[in-house]
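J.: My questions will all concern the structure given below.
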Amino acid sequence: MSEITKTKKQRPKTSLIWWIFAFVIIAVYFFGLGSLPLVGPDEARYAQIAREMFDRGSWVTPTLGNFNWFEKPALLYWLQIVSYKLFGVSEFAARFGSAVFGLLTIFSLWILGRQWSVVGGQLSVEESNSQLITHNSQFSNWLALISASSIGLITFSRGASFDIILTFPITVSLVSFFIFEKSNKKLFTTYHLPLIVFYFFIGVALLAKGLVGIILPLAIVAFYYLLSWKFPDKAFVFSLFWGTILSLLVASIWYAPMYLRHGWTFIDEFFIQHHFARYVSNKYQHPQPFYFFFWVLPLMTLPWLPFFLASLVKIVGGQWSAISKSNPKLTTHHSPLTTFAFAWLLVPLVFFSFSGSKLPGYILPALPAALILTAEYVCRFAEKSRKRKIFVQIVALATFAFVAVALQFFAAGFARHETVKNLIETADAQGYTNEKVLNLHTISHNAEFYAAGRLIRDADGKLKKFLGVSEVAEEIRREGAADVLVLVPLEYLQQLTDSDLVEAKVLDENGELAIVLVKNK
Numbered sequence: 037m038s039e040i041t042k043t044k045k046q047r048p049k050t051s052l053i054w055w056i057f058a059f060v061i062i063a064v065y066f067f068g069l070g071s072l073p074l075v076g077p078d079e080a081r082y083a084q085i086a087r088e089m090f091d092r093g094s095w096v097t098p099t100l101g102n103f104n105w106f107e108k109p110a111l112l113y114w115l116q117i118v119s120y121k122l123f124g125v126s127e128f129a130a131r132f133g134s135a136v137f138g139l140l141t142i143f144s145l146w147i148l149g150r151q152w153s154v155v156g157g158q159l160s161v162e163e164s165n166s167q168l169i170t171h172n173s174q175f176s177n178w179l180a181l182i183s184a185s186s187i188g189l190i191t192f193s194r195g196a197s198f199d200i201i202l203t204f205p206i207t208v209s210l211v212s213f214f215i216f217e218k219s220n221k222k223l224f225t226t227y228h229l230p231l232i233v234f235y236f237f238i239g240v241a242l243l244a245k246g247l248v249g250i251i252l253p254l255a256i257v258a259f260y261y262l263l264s265w266k267f268p269d270k271a272f273v274f275s276l277f278w279g280t281i282l283s284l285l286v287a288s289i290w291y292a293p294m295y296l297r298h299g300w301t302f303i304d305e306f307f308i309q310h311h312f313a314r315y316v317s318n319k320y321q322h323p324q325p326f327y328f329f330f331w332v333l334p335l336m337t338l339p340w341l342p343f344f345l346a347s348l349v350k351i352v353g354g355q356w357s358a359i360s361k362s363n364p365k366l367t368t369h370h371s372p373l374t375t376f377a378f379a380w381l382l383v384p385l386v387f388f389s390f391s392g393s394k395l396p397g398y399i400l401p402a403l404p405a406a407l408i409l410t411a412e413y414v415c416r417f418a419e420k421s422r423k424r425k426i427f428v429q430i431v432a433l434a435t436f437a438f439v440a441v442a443l444q445f446f447a448a449g450f451a452r453h454e455t456v457k458n459l460i461e462t463a464d465a466q467g468y469t470n471e472k473v474l475n476l477h478t479i480s481h482n483a484e485f486y487a488a489g490r491l492i493r494d495a496d497g498k499l500k501k502f503l504g505v506s507e508v509a510e511e512i513r514r515e516g517a518a519d520v521l522v523l524v525p526l527e528y529l530q531q532l533t534d535s536d537l538v539e540a541k542v543l544d545e546n547g548e549l550a551i552v553l554v555k556n557k
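In the numbering used here, the protein residues as written are 37 to 557.
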């Protein structure tokens with residue numbers, strides 16, 4: 037196989053239509069980023085943690101409600117702090133870093149496609165037939181377009197959560213490894229430099245979401261060599277020693293000061309409870325069946341699901357034939373990029389399927405691999421005729437248009453049930469800006485951001501869940517307050533309004549919760 041070169045003569049040209057798509061992609065990824073309130077429990081919690089660090093001028097210790105919060109590393113919080121400095125504290129600022137990392141993930145895949153597209157023509161006949169699609173000069177553009185228009189990447193790039201923050205550095209690290217693997221071994225910039233980038237971004241991934249940031253890239257690389265029926269060269273084996281040190285040095289900019297400040301408490305909470313216990317048990321109440329990610333991941337490739345499934349069937353068939361017959365030559369009809377993407381897809385899929393705790397975003401680091409396989413098939417489909425090219429481009433544009441329309445006209449209605457922003461704003465508008473906020477028969481983590489500093493907590497810092505009107509009345513007496521605001525599910529609202537212990541005035545409701553002004557009789 038020929039090596040990756042960087043001669044200008046080989047570089048594919050980018051036509052005007054692709055520049056237009058690039059502009060549309062950037063516009064869509066930032067469109068309406070701050071128009072929706074923070075939804076669900078996680079966005080609000082993470083945005084509030086960053087706000088508390090921002091207010092204290094701290095870059096090390098995450099806190100929530102001024103209590104230490106050691107569940108996740110600091111990279112997302114750092115991005116949010118920088119955004120708060122630039123744009124002020126807002127929903128837009130909380131999500132800005134995620135949108136940037138989503139776009140950078142797309143750009144990283146474009147770089148991968150660009151490098152693979154410029155492989156020269158010195159292929160054997162067998163290799164030339166198998167790698168025709170990925171050596172198409174426009175493959176990088178198709179890969180970027182397919183990636184940018186996938187529902188999974190669009191969705192998670194618009195959320196203030198850790199999943200896209202992890203996916204970007206893992207993508208860069210694996211792209212860099214593949215460039216190294218297929219590079220000119222005599223050139224530093226195409227051989228040693230990609231290895232340095234590989235390990236550097238493993239360190240960044242450690243800062244993004246912990247140990248999974250190093251486990252996944254190294255396991256994917258190992259599985260790629262296994263599927264390729266070959267051993268890594270000496271340079272890569274040697275790099276495991278200095279590269280691991282580099283990764284740990286990068287990660288140590290946060291882990292070292294955290295350990296020095298908090299010692300075993302940090303180790304226990306961060307690693308033991310939120311790494312190992314979360315993986316081997318359902319301690320944090322996110323149970324799903326083993327096959328959960330086997331249907332979640334394909335759905336993330338929409339609207340390109342048929343192409344993804346077709347590509348998957350082809351590569352699985354080829355790999356199975358090679359394994360069952362112990363004949364690596366049977367896999368030569370797959371390009372190295374296809375084999376690498378398959379390894380990248382399968383490792384996270386299997387790893388997270390064995391986890392006792394499952395959330396849809398966990399599988400996001402496998403999505404770039406699914407999109408590579410999808411783009412290969414789309415490229416083969418589109419390059420057969422002009423009509424097919426136009427069809428694929430129309431599907432992508434329709435997806436972007438659908439997202440924009442949904443955000444503009446429909447998303448707010450959905451978000452209304454997933455946030456307490458409007459409830460708190462209604463209370464504030466009526467002059468109840470300083471009253472404590474209690475959770476009755478529920479715990480609204482979304483209130484962490486919108487009712488910051490006003491929530492009642494237990495001694496360990498967790499939000500307190502009141503289980504009856506009598507407890508609310510006792511809290512009012514204990515606080516010595518004239519009244520409080522109570523967030524309560526609608527099915528329990530009558531307990532307050534009909535109580536002989538308190539006077540209750542319903543201020544607003546969002547279809548799930550009501551906010552009630554309560555005072556003792």
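The C-beta atom is built at its ideal place from N, Cα and C for all residues, glycine as well.
What you are looking at is a predicted structure, and each value in this text was computed from that prediction instead of being measured.
1) Can you grab the Cα-Cα spacing for the pair G566 / L474, in whole Å?
2) Hey, F485 and A180: beta-carbon distance below 8 Å or not?
3) Are A244 and I201 close, meaning C-beta to C-beta below 8 Å?
4) Are there 16 or more other CB atoms within 10 angstroms of the CB of F132, so buried, or fewer, so exposed?
5) What would DSSP say about T410, mapped onto helix, strand or coil?
6) Report the partner residues of V552 according to the DSSP bridge assignment.
7) With DSSP as the reference, identify every bridge partner of V473, one or two as the case may be.
8) Is the separation between the beta-carbon of I206 and that of A258 shorter than 8 Å?
9) Smallest Cα separation from L382: which of I351, A540 and T301?
10) What does DSSP give as the partner residues of K501 in its beta bridges?
11) According to the neighbour-count rule (16 or more other Cβ atoms, all chains shown, within 10 Å of its Cβ), is A196 buried or exposed?
12) Return yes when the Cβ of V538 is within less than 8 Å of the Cβ of V508, no when it is not.
13) Quick check: the Cα distance between E412 and P372, rounded to an integer number of angstroms?
14) I believe L145 touches L407 by the beta-carbon criterion, under 8 Å. Please report the beta-carbon distance rounded to the nearest angstrom.
15) Check T455 in the structure and name its three-state DSSP category.
16) Assuming I187 and T410 make a contact with CB atoms under 8 Å, what is their CB distance in whole Å?
17) Assuming F216 and F137 make a contact with CB atoms under 8 Å, what is their CB distance in whole Å?
18) If I follow the unbroken alpha helix (DSSP H) through I232, where does it start and stop?
19) Is the region 50-61 touching the region 69-86 in the sense that three or more CB pairs, one from each, lie closer than 8 Å?
20) Flag this pair as touching only if the region 420-439 and the region 497-507 have three or more C-beta atom pairs under 8 Å; answer yes or no.
21) Within 10 angstroms of the Cβ of F390, are there 16 or more other Cβ atoms? Answer buried if so, exposed if not.
22) Per DSSP, what kind of secondary structure is F67 in: helix, strand or coil?
23) Compare the Cα-Cα distances from H481 to each of F90, D91, L100 and S51 and report the closest residue.
24) E88 lies in the alpha helix (DSSP H); which residues open and close that run?
25) What three-state label does DSSP hand F329 in the structure shown?
26) Any beta carbon from chain C within less than 8 Å of V316's own beta carbon?
27) In terms of residue numbering, what span does the alpha helix (DSSP H) encompassing H310 cover?
T.: Let's see:
1) The requested residue 566 is not part of the displayed model; the chain covers only 37 to 557.
2) no
3) yes
4) buried
5) helix
6) V522 and V542
7) L491 and L521
8) no
9) I351
10) N475
11) buried
12) yes
13) 12 Å
14) 7 Å
15) coil
16) I187 to T410, Cβ: 12 Å. No contact.
17) Contact flag wrong, Cβ pair sits at about 23 Å.
18) H228 to K245
19) no
20) no
21) exposed
22) coil
23) L100
24) G76 to R92
25) helix
26) Judged by its chain identifiers, the structure shown contains no chain C, having just a single protein chain.
27) Where H310 is concerned, there is no enclosing alpha helix (DSSP H), given that its DSSP letter is neither H nor E.
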